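S.K.: Encoded as structure tokens, here's the structure I'll be asking about.
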Amino acid sequence: MRIDIVTALPKLIESPFNDSILKRAQEKNIVEIHIHDLRIFAENKQKSIDDYAFGGGAGMVMTIQPIDKCISHLKSQREYDEIIYMTPDGATLNQKLANKLSLKGNLILLCGHYKGVDQRVRDHYITMEVSIGDYVLSGGELAAAVLADSIIRLIPGVLNDETSALTDSFQDNVLAPPVYTRPADYKGLKVPEILASGNKKAIEQWRMDKALERTKERRPDLLGE
Ligand code: SAM
0 MRIDIVTALP
10 KLIESPFNDS
20 ILKRAQEKNI
30 VEIHIHDLRI
40 FAENKQKSID
50 DYAFGGGAGM
60 VMTIQPIDKC
70 ISHLKSQREY
80 DEIIYMTPDG
90 ATLNQKLANK
100 LSLKGNLILL
110 CGHYKGVDQR
120 VRDHYITMEV
130 SIGDYVLSGG
140 ELAAAVLADS
150 IIRLIPGVLN
160 DETSALTDSF
170 QDNVLAPPVY
180 TRPADYKGLK
190 VPEILASGNK
200 KAIEQWRMDK
210 ALERTKERRP
220 DLLGE
């Protein structure tokens, strides 16, 4: 998979990809991350990427020219499955969407700033709009990092234990069960005995029961209740 991230603040988005699982995914050549600085594509002298909103009002708007130049350049190099604009009024990111996008080959993620991008960008260049939740961030970079992380960890070979992502919350419309590690007894706080019993079938059943219990308690909506 290849993910191109288009941003006015490249430094802001670099670090999540330089550590841990996302870094290893690149080292294993499973995913390529390319970050593009929008200012490089601006054709005006000042290299500005924003302007006042037509009709007045508070806040600047990101202009169409550098975004057009950057996206057109990328599209001239290869085909993209989706060109995604990160925006609070987009479809809310969930595990189903992350699963769907993890099967794609090439994605562009466009990060907005200020009041957002000129509507003509959304109308003519963007194929999908994604929000990471009902709140407003200052820019799309953190949202793009969240989206990219949720997608990349699902690609086979990225996690050391392939089954790990499959047993995470939301994967089967249930939350994950509780997890414990050593020591089995910490100052009298004990791990449920069944987990140390070695009885794989019973442990599996316990985990399923606990996952269901937790889901009923915290997210009954996932069970259609
Ligand atoms: N005026 C916009 C609105 O009310 O919908 C908000 C603009 S916000 C201050 C600036 C940028 O941050 C957006 O263009 C978008 O790229 C990003 N952003 C903010 N909140 C987001 C969210 N919940 N999900 C995805 N991107 C978000």
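Per numbering that gives the first Met the number 0, the sequence shown starts with residue 0, numbered consecutively. Backbone N, C-alpha and C fix where the C-beta goes; we use that ideal spot for every residue, glycine too. Remember, predicted model here, so these are calculated numbers, not experimental data.
1) According to DSSP, is Asn105 part of a helix, a strand, or is it coil?
2) Answer yes or no: do Gly58 and Tyr113 have a C-beta to C-beta separation smaller than 7 Å?
3) Among Leu37, Ala142 and Ala24, whose alpha-carbon lies nearest the alpha-carbon of Thr91?
4) Within 10 angstroms of the Cβ of Met207, are there 16 or more other Cβ atoms? Answer buried if so, exposed if not.
5) Beta carbon of Ala142: closer than 6 Å to some heavy atom of the ligand SAM?
6) To which residues of the same chain is Val173 closer than 7 Å at the C-beta, ignoring the five residues directly before and after it?
7) DSSP has Val5 in a bridge; who is on the other side?
8) Less than 7 Å between the C-beta atoms of Leu8 and Glu128, yes or no?
9) Quick check: is any heavy atom of the ligand SAM less than 6 Å from the C-beta of Asp122?
10) Please name the residue in Thr166, Glu42, Thr126 and Asp80 whose C-alpha comes closest to that of Ile2.
11) With H, G and I counted as helix, E and B as strand and the rest as coil, what does DSSP make of Val145?
12) Can you check whether the CB of Val30 is closer than 7 Å to the CB of Met61?
13) What is the C-beta distance between Leu153 and Ser101, in whole angstroms, given that I count them as a contact (C-beta under 8 Å)?
14) Report yes if the C-beta of Ser149 is less than 6 Å from at least one heavy atom of the ligand SAM; otherwise report no.
15) To which residues of the same chain is Asp67 closer than 8 Å at the C-beta, ignoring the five residues directly before and after it?
16) What's the gap between the Cα of Ala147 and the Cα of Leu109?
17) Between the alpha carbons of Ala164 and Asn28, how many angstroms are there, rounded?
18) Quick check on this structure: which residue in Asn159, Val116, Ala144 and Arg218 has the alpha carbon closest to the alpha carbon of Tyr51?
19) With H, G and I counted as helix, E and B as strand and the rest as coil, what does DSSP make of Thr20?
M.R.: In terms of the structure at hand:
1) strand
2) yes
3) Ala142
4) exposed
5) yes
6) Ala210, Leu211, Thr214 and Leu221
7) His35 and Leu109
8) no
9) no
10) Asp80
11) helix
12) no
13) 4 Å
14) no
15) Val120 and Tyr124
16) 12 Å
17) 19 Å
18) Val116
19) Just to set this straight, residue 20 is Ile in the shown sequence, not Thr. In the structure shown, Ile20 sits in a helix (DSSP, three-state: H, G or I).
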